[in-house]
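Engineer:
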Amino acid sequence: MFNYEIFSQEAFNTRDYINAVISSQRAETISSVYPDDRSYQGKELRLKQQYFFVSASLQDIIRRYKDSHNNFDQFPDKVALQLNDTHPSLAIPELMRVLIDELLKWKEAWDIACKVFSFTAHTVALEGLEKNPS
């Protein structure tokens with residue numbers, strides 16, 4: 223599906239056809255390709271994808287919650303997030319970031335995060351765990 227919002231009409235009009243679609247293709251890569259993570263570029267794209275999907279999901283959850291609540295007092299009673307393996311673990315710092323952006327204090331945000339998340343690891347072999355370069 224072609225995204226006309228990202229498409230550069232200016233580049234197209236000046237006959238720079240390749241660059242006209244390059245932004246659109248880059249934006250779509252974040253969700254259209256599951257990369258081989260043996261290379262640095264693949265690992266980088268995988269991390270960007272994980273953050274993109276985690277952030278979008280959390281923002282949607284919080285938006286829906288705020289549609290019917292004035293504060294975050296009931297958030298842990300209404301929201302349960304199950305983390306399976308290591309991939310979605312970015313959700314913890316991302317939830318903290320979003321809650322702090324919503325003007326909660328660190329301790330309040332941390333208390334909510336501790337109550338909302340559960341974790342299951344199906345992979346116990348060291349080679350199955352995701353590693354990021356330090």
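Those letters in the sequence shown? Residues 223 to 356, per our numbering, in order.
Beta carbons: idealized from backbone N, C-alpha and C, even for Gly.
Which residue marks the beginning of the alpha helix (DSSP H) containing Q304, and which one marks its end?
Structural biologist: Counting from 1 along the sequence shown, the entry for residue 304 is found at position 82. First-last for Q304: 303-306, but that is the beta strand (DSSP E), not the alpha helix (DSSP H).
Engineer: Which first and last residues belong to the beta strand (DSSP E) in which S340 is found?
Structural biologist: In the sequence shown, residue 340 corresponds to position 118, counting from 1. Per DSSP, S340 belongs to the beta strand (DSSP E) from 339-342.
Engineer: According to the Cβ coordinates, are I322 and A331 closer than 7 Å?
Structural biologist: Here residue 322 corresponds to residue number 100 of the sequence shown, with the count starting at 1. Here residue 331 corresponds to residue number 109 of the sequence shown, with the count starting at 1. In contact: I322 and A331 (Cβ atoms closer than 7 Å).
Engineer: At which residue ranges does the region 236-285 contain complete alpha helix (DSSP H) runs of 4 or more residues, listed in the order of the chain?
Structural biologist: Runs of alpha helix (DSSP H) with 4 or more residues, each lying fully within the region 236-285, are found at 239-254, listed in chain order.
Engineer: Taking the beta carbon of F274 as the centre, do at least 16 other beta carbons fall within 10 Å, making it buried, or is it exposed?
Structural biologist: Walking along the sequence shown from the start, residue 274 turns up at place 52. Exposed, since its Cβ has fewer than 16 Cβ neighbours within 10 Å.
Engineer: Spell out whether any CB of chain C is found under 7 Å from the CB atom of Q304.
Structural biologist: Judged by its chain identifiers, the structure shown contains no chain C, having just a single protein chain.
Engineer: Consult DSSP for K300 and reduce its assignment to one of helix, strand or coil.
Structural biologist: Here residue 300 refers to the residue found at position 78 when the sequence shown is read from its first residue. Reduced to three states, the DSSP call for K300 is helix.
Engineer: If I follow the unbroken alpha helix (DSSP H) through E316, where does it start and stop?
Structural biologist: One-based indexing of the sequence shown puts residue 316 at position 94. That run of the alpha helix (DSSP H) goes 313-323.
Engineer: Going by CA-CA distance only, name the one from K270, N293, F341 that's closest to L325.
Structural biologist: Working through the sequence shown from its first residue, we reach residue 325 at position 103. If we check each option's Cα against that of L325, N293 comes out closest.
Engineer: Check D333 in the structure and name its three-state DSSP category.
Structural biologist: Here residue 333 corresponds to residue number 111 of the sequence shown, with the count starting at 1. It is helical.
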